[in-house]
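Enquirer:
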Amino acid sequence: MKRLREQYGVTQEELAKVVQLSRDKISKIEQNKRNSSFYSLDLIA
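See the structure below:
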């Protein structure tokens, strides 16, 4: 996810605002430190 986000020039903060998750949650998902629900992943996709 991080690679695609960076490829499109989107910051974690910008992505977090769009999908209504915290920047910290986005960061942890990218680092595989947090499992995400299918709902959250669907919002990001």
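Taking full-length UniProt numbering, the leading residue of the sequence shown gets 1, the next gets one more, and so forth.
Just so it is clear, CB atoms sit at the ideal spot from N, CA and C, and this is done for glycine as well.
#1: With a threshold of 16 other CB atoms inside 10 Å of the CB of GLN12, please say whether the residue is buried or exposed.
#2: Taking the Cβ atom as the reference point for each residue, do ARG5 and ALA16 lie within a distance shorter than 8 Å?
#3: Indicate the three-state DSSP secondary structure (helix, strand or coil) for LEU15 in the structure shown.
Expert: According to the structure data:
#1: Counting from 1 along the sequence shown, the entry for residue 12 is found at position 12. The residue in question, GLN12, is buried, as its Cβ has 16 or more Cβ neighbours within 10 Å.
#2: What you label residue 5 is simply residue 5 of the sequence shown in a count that begins at 1. What you label residue 16 is simply residue 16 of the sequence shown in a count that begins at 1. In this structure, ALA16 does not lie closer than 8 Å to ARG5 by Cβ.
#3: Along the sequence shown, read from residue 1 onward, the residue named residue 15 stands at position 15. In the structure shown, LEU15 sits in a helix (DSSP, three-state: H, G or I).
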